[in-house]
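Note sheet for the following structure.
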Amino acid sequence: MRLPPTPPPSSASRAMKSNRSSDTKPELALRRELFRRGLRYRVGYRISLPGRAVRPDVVFTRRRVAIFVDGCFWHGCPLHCRMPSDPSGYWHQKIDRNRNRDLEVDGALRTAGWTVFRVWEHEAVEQAAEAIHAALTQSR
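In this note's numbering, the protein residues as written are 1408 to 1547.
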């Protein structure tokens, strides 16, 4: 699916372009909590899959666990994603494309034997870390 032309620059566009793609506050908070619990992980680890490669935010290589920390806007959180008013439909298509890509990546990772966690940026870090910790210790 091709996106319509990028809308003309606006204050919303400038703000969205300035958002970081890695080392975001929610991602750093989750990593700190996982480390505090004694878990050691990889960051920026490239996983090669048939037809694509992905870089989850946090990876436990031996346990084959991939964790993504998703931003509410960019990944279309059903609770918090508020679409900007855009007559061209660019942002709706962009978010829909991101959601579809996330589903494809999750499926490809699971097919390759990986466990996938998706954590929303608004989720409590302690609860997310507890679920991840439980899954890691359960699989031993």
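Cβ atoms here follow ideal geometry from the backbone N, Cα and C, with glycine treated the same way.
Open item on the list: At the level of alpha carbons, what is the spacing between alanine 1531 and glutamate 1537?
Closed with: The sequence position of residue 1531 within the sequence shown is 124, counting from 1. The sequence position of residue 1537 within the sequence shown is 130, counting from 1. Taking the straight line joining both Cα atoms gives about 10 angstroms.
Task: Buried or exposed (CB count within 10 angstroms, at least 16 for buried), leucine 1437 - done: In the sequence shown, residue 1437 corresponds to position 30, counting from 1. By the neighbour-count criterion, in which a residue is buried when 16 or more other Cβ atoms sit within 10 angstroms of its Cβ, leucine 1437 is buried.
Open item on the list: Here's the rule: buried if 16 or more other CB atoms are within 10 angstroms of the residue's CB, otherwise exposed. What is valine 1450?
Closed with: For this step, residue 1450 is matched to residue 43 along the sequence shown. Exposed, because fewer than 16 other Cβ atoms sit within 10 Å of the Cβ of valine 1450.
Open item on the list: If distances are taken between C-alpha atoms only, which option among Arg1469, Leu1516, Gly1496 comes closest to proline 1457?
Closed with: By one-based count along the sequence shown, residue 1457 stands at place 50. Ranking Arg1469, Leu1516, Gly1496 by Cα distance to proline 1457 puts Leu1516 first.
Task: threonine 1544, DSSP secondary structure in three states - done: Stepping through the sequence shown from its first residue, residue 1544 is reached at position 137. Collapsing the DSSP output to three states places threonine 1544 in a helix.
TODO: Please classify leucine 1441: does DSSP put it in a helix, a strand, or coil?
DONE: Sequence index remark: in the sequence shown, residue 1441 carries index 34 (1-based). In the structure shown, leucine 1441 adopts helical secondary structure according to DSSP, grouped into three states.
Task: Beta-carbon contacts of glutamate 1528 that lie in its chain and below 6 angstroms, excluding the five residues immediately before and after - done: Sequence index remark: in the sequence shown, residue 1528 carries index 121 (1-based). Result list for glutamate 1528: Pro1433, Gly1478, Cys1479, in chain order.
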